[in-house]
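Undergrad: Under my numbering, the residue at position 173 of the sequence shown is numbered 272, and the numbers go up by one with no gaps.
All C-beta atoms in this analysis are idealised placements derived from N, C-alpha and C, irrespective of residue type, glycine included.
Model, not experiment: these values are computed from the prediction.
I am attaching a structure below and will ask some questions about it afterwards.
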Amino acid sequence: MASNSIKSLLVAVFSTFLLVSSYSVNAQHEEPKAAEEHASEKKEGFNAKEVIFEHILDAHEFHFVNYKGSDGELHPVSIPLPVLLYSPQNGFSGFMSSAFEHGHKEVNGYKLEEGKIIPTDGNVKVYDLSPTRNVVQMLLALAFLVWLMISVAKTYANGQGVTSAPKGKQNLVEVLVAFVRDEVARPNLRHKANKYLPYLLTVFFFILINNIIGLVPGTANVTGNIAFTVVLGLISFVVILASSNSHYWGHIFNPPGVPGFVKPILVLVEFLSVFIKPFALIIRLFANMVAGHIIIICLISLIFIFAQIKPALGFVASPVSIAFTVFIYFIEILVAFLQAFIFTVLTAVFIGQAFEGEHHHEDEHHALPEDAVIV
Numbered sequence: 100m101a102s103n104s105i106k107s108l109l110v111a112v113f114s115t116f117l118l119v120s121s122y123s124v125n126a127q128h129e130e131p132k133a134a135e136e137h138a139s140e141k142k143e144g145f146n147a148k149e150v151i152f153e154h155i156l157d158a159h160e161f162h163f164v165n166y167k168g169s170d171g172e173l174h175p176v177s178i179p180l181p182v183l184l185y186s187p188q189n190g191f192s193g194f195m196s197s198a199f200e201h202g203h204k205e206v207n208g209y210k211l212e213e214g215k216i217i218p219t220d221g222n223v224k225v226y227d228l229s230p231t232r233n234v235v236q237m238l239l240a241l242a243f244l245v246w247l248m249i250s251v252a253k254t255y256a257n258g259q260g261v262t263s264a265p266k267g268k269q270n271l272v273e274v275l276v277a278f279v280r281d282e283v284a285r286p287n288l289r290h291k292a293n294k295y296l297p298y299l300l301t302v303f304f305f306i307l308i309n310n311i312i313g314l315v316p317g318t319a320n321v322t323g324n325i326a327f328t329v330v331l332g333l334i335s336f337v338v339i340l341a342s343s344n345s346h347y348w349g350h351i352f353n354p355p356g357v358p359g360f361v362k363p364i365l366v367l368v369e370f371l372s373v374f375i376k377p378f379a380l381i382i383r384l385f386a387n388m389v390a391g392h393i394i395i396i397c398l399i400s401l402i403f404i405f406a407q408i409k410p411a412l413g414f415v416a417s418p419v420s421i422a423f424t425v426f427i428y429f430i431e432i433l434v435a436f437l438q439a440f441i442f443t444v445l446t447a448v449f450i451g452q453a454f455e456g457e458h459h460h461e462d463e464h465h466a467l468p469e470d471a472v473i474v
């Protein structure tokens, strides 16, 4: 049964490929004039590459959807953001991004080109100080995180969840805090778990909230921005280095029990691993969050790509494309939690490795009891 299903799937994929290929071959054999018209229509039609990059790259607005007005033109539905520019030649300039009319209009000697603001005069230098959608959404996520934690803390201070069962958002926050404490901090940091727990919880909740918000249509994919993950990785790198000790560096520059002729190679590998660790944190989060969003957009784009070939193909592809999109979307919700957990647990592992070798004979006395309460 399984082999028959696989064969049927391969036949369907191969048939689709032949259909698209035959259409391309026929288009290549059109008359030159007809071919030019066809190319022009294709250029004006759906551009999957443009849609993908519009979603994953930064912008000066929150764009949701386009609709065709009574004039036959496409009108975008978006939330414009402030544009703040400084030029040594022209001074400060401030206005809303909607003034650009999505790249169709110049404002104060500046124009919007491929999502970037550039001066119309090549001799003018400009510094873009605008809060882009990634910045705005990150600040909103930060404000939400602060509000959530302060709200939960006040609830506990009033006795709810201490003398009685927790309610509402307390339930979710308490479960996640206990999970990070018991499954991440204590196993990897042992007697120093309480010291690093505030940082680990901040990283976990900040990444998780940004991941979840990024799944809402029209929002920015903040954790899929390399600048965001680089900053998080560098902060973790500083924390790891600050936690290191002489024993840690001694094992890097003078590995014990290693033959002398192997030491130069091993020292180089160990030294590079110091920088590879934060690099792994940066790339893992960035790549996973970008990949999921691209897959979802590609699946939706298939509907419009097939519809451009033939409207009937668009209707046929719609149910399959939507079904796979919904499936991947639920996978992305799981990935949102998973990537926040992985970044946090790897950070805890690297910090634990930095101070390993410290001999605390009293570790057992300092071990945290299972019912310890983290304040």
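Taking 8 angstroms as the cut-off, decide whether the C-beta atoms of S196 and L180 are in contact.
TA: For S196 and L180, yes; Cβs fall inside 8 angstroms.
Undergrad: Quick one: Cα of A240 to Cα of F278, how far?
TA: Going from the Cα of A240 to the Cα of F278 covers about 21 angstroms.
Undergrad: Out of N344, E205, F303, G323, point me to the one whose CA is closest to L275's CA.
TA: Out of N344, E205, F303, G323, F303 has the C-alpha closest to the C-alpha of L275.
Undergrad: Run through DSSP, which three-state label would K409 get?
TA: Coil, per DSSP.
Undergrad: Residue range of the alpha helix (DSSP H) that N146 falls in?
TA: Premise fails: N146 is in no alpha helix (DSSP H) and is neither H nor E.
Undergrad: Given F300, which residues of its chain have a CB within under 7 angstroms of its CB, disregarding the five upstream and five downstream residues?
TA: It should be noted that the sequence gives Leu, not Phe, for residue 300. Around L300: V276, V279.
Undergrad: Tell me N165's beta-bridge partners as DSSP assigns them.
TA: Note: N165 sits in a beta bridge opposite P175.
Undergrad: Could you compute how far the alpha carbon of D220 sits from the alpha carbon of F199?
TA: Whole-angstrom Cα-Cα distance: 16 angstroms.
Undergrad: Within the same chain, show all residues whose beta-carbon is closer than 7 angstroms to that of H201, passing over the 5 residues directly before and after it, in chain order.
TA: Hits under 7 angstroms: P175.
Undergrad: Note down, in chain order, each residue of its chain lying with its Cβ closer than 8 angstroms to the Cβ of C397, except the 5 sequence neighbours on either side.
TA: Same-chain partners within the cutoff: A147, I151.
Undergrad: Out of curiosity, what's the CA-to-CA distance linking G190 and Y226?
TA: Rounded to the nearest angstrom, the two C-alpha atoms are 10 angstroms apart.
Undergrad: So V444 packs on V206, CB below 8 angstroms; how close in whole Å?
TA: The Cβ separation is near 47 angstroms, so there is no contact.
Undergrad: Taking only the alpha-carbon atoms, compute the straight-line gap between F370 and T446 and give it to the nearest angstrom.
TA: Going from the Cα of F370 to the Cα of T446 covers about 18 angstroms.
Undergrad: Tell whether a beta-carbon distance below 8 angstroms holds between F385 and G323.
TA: The answer is yes: Cβ separation under 8 angstroms.
Undergrad: Take the Cβ of P297 as the centre, count every other Cβ of all protein chains shown within 10 Å, and call the residue buried at 16 or more, exposed below.
TA: Burial call: exposed.
Undergrad: Leaving aside the five residues before and after K362 along the sequence, list all residues of the same chain whose C-beta is less than 7 angstroms from its C-beta, in chain order.
TA: Once the five neighbours on either side are set aside, the close Cβ partners of K362 are P354.
Undergrad: Applying the criterion that 16 or more other CB atoms from any shown protein chain within 10 Å of the CB defines a buried residue, is T328 buried or exposed?
TA: When all chains shown are included, T328 counts as buried.
Undergrad: Relative to the alpha-carbon of Y428, which residue among E153, I312, F374 has its alpha-carbon at the smallest distance?
TA: Checked all of E153, I312, F374; the closest Cα to Y428 is I312.
Undergrad: Buried or exposed: Q188, going by 16 or more other Cβ atoms within 10 Å of its Cβ?
TA: By the 10 Å Cβ count, Q188 comes out exposed.
Undergrad: Report yes or no: do the stretch 208 to 219 and the stretch 153 to 162 share at least 3 C-beta pairs separated by less than 8 angstroms?
TA: With the cut-off at 8 angstroms, the stretch 208 to 219 and the stretch 153 to 162 touch.
Undergrad: Cβ of I308 within 8 angstroms of Cβ of L244?
TA: Taking 8 angstroms as the Cβ cut-off, I308 and L244 qualify as a contacting pair.
Undergrad: For S192, which beta-bridge partners are listed by DSSP?
TA: Answer by DSSP bridge pairing, in chain order: L184.
Undergrad: Here's the rule: buried if 16 or more other CB atoms are within 10 angstroms of the residue's CB, otherwise exposed. What is K376?
TA: Buried, since its Cβ has 16 or more Cβ neighbours within 10 Å.
Undergrad: What residue from I351, F378, N233 has the CA that sits closest to V368's CA?
TA: When only C-alpha atoms are compared, the closest one is I351.
Undergrad: Could you tell me how far apart the beta carbons of N233 and A341 are, in whole angstroms, since I believe they sit closer than 8 angstroms?
TA: Incorrect: roughly 28 angstroms between the Cβ atoms, too far for contact.
Undergrad: Could you tell me which of S169, S177, F454, H203 sits nearest to S345, measuring between CA atoms?
TA: Checking every option, the nearest Cα to that of S345 belongs to F454.
Undergrad: Please list the terminal residues of the continuous beta strand (DSSP E) segment that includes K266.
TA: From DSSP, K266 is part of no beta strand (DSSP E); its letter is neither H nor E.
Undergrad: Comparing alpha-carbon positions, which option in I325, A416, V373 lies nearest W348?
TA: Among I325, A416, V373, the Cα nearest to that of W348 belongs to V373.
Undergrad: Return the first residue and the last residue of the alpha helix (DSSP H) that K294 is part of.
TA: Element bounds for K294: 292 to 312.
Undergrad: What residue does the beta strand (DSSP E) around K215 start on, and which one ends it?
TA: That run of the beta strand (DSSP E) goes 215 to 218.
Undergrad: By DSSP, does D157 sit in helix, in strand, or in coil?
TA: Residue state, collapsed to three classes: coil.
Undergrad: Alpha carbon to alpha carbon, how far is V315 from Y209? Give it in angstroms, no decimals.
TA: Straight-line Cα distance between these residues: approximately 31 angstroms.
Undergrad: For the stretch 424 to 442 against the stretch 391 to 409, are there 3 or more C-beta pairs whose distance is under 8 angstroms?
TA: The answer is yes - the stretch 391 to 409 touches the stretch 424 to 442, with three or more Cβ pairs under 8 angstroms.
Undergrad: In chain order, what residues of the same chain lie with their CB nearer than 8 angstroms to the CB of S139, ignoring the 5 residues before and after it?
TA: Because the pLDDT at S139 is just 43, under 50, the model does not fix this residue reliably, and the point stays unresolved.
Undergrad: Would you tell me roughly how many angstroms separate the C-alpha atoms of F442 and E172, rounded to the nearest one?
TA: When rounded, the distance between both Cα atoms is 45 angstroms.
Undergrad: Using the rule of at least 16 other Cβ atoms within 10 Å of the residue's Cβ for burial, across every protein chain shown, is F414 buried or exposed?
TA: With fewer than 16 Cβ atoms within 10 Å of its Cβ, F414 is classed as exposed.
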